[in-house]
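Colleague: Start counting the sequence shown at 3; every next residue gets the next number (my numbering).
Note that the Cβ used here is the ideal one computed from N, Cα and C, for glycine as well.
Since this is a predicted model, take the numbers as computed values, not measurements.
Structure provided below as structure tokens; questions to follow.
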Amino acid sequence: MDLRKLKNEDKLDLCRKYYLDVIRSMIGTVIWTAIISVWIVIFQLNRVSWGDTADAMSFIIPRGIP
């Protein structure tokens, strides 16, 4: 797309769309980061009490005395 051929109003509209997309992307990133962080904390705090279920969800099964 050649921006030199667009009217100034169309350029402004395009910039606004990009701006809103970037803002929405940042908001989504913050939300997903919060969700994943909360899940990690919950999983780490309850891993032992969840037993085999937590071991099945884990990629690394720690060594230890059963």
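1. Suppose you measure from the CA of Ile26 to the CA of Ile33; what does that come to, to the nearest Å?
2. How many angstroms separate the CA atom of Ile44 from the CA atom of Ala56?
3. If we require 3 or more residues per run, which beta strand (DSSP E) segments fall completely within the segment 8-51?
4. Roughly how many angstroms lie between the CA atoms of Asp23 and Gly30, to the nearest whole one?
Modeller: Considering the structure as presented:
1. Sequence inspection shows Arg at residue 26; the Ile mentioned does not correspond to that position. Whole-angstrom Cα-Cα distance: 11 Å.
2. 11 Å
3. none
4. So the two alpha carbons sit approximately 10 Å from each other.
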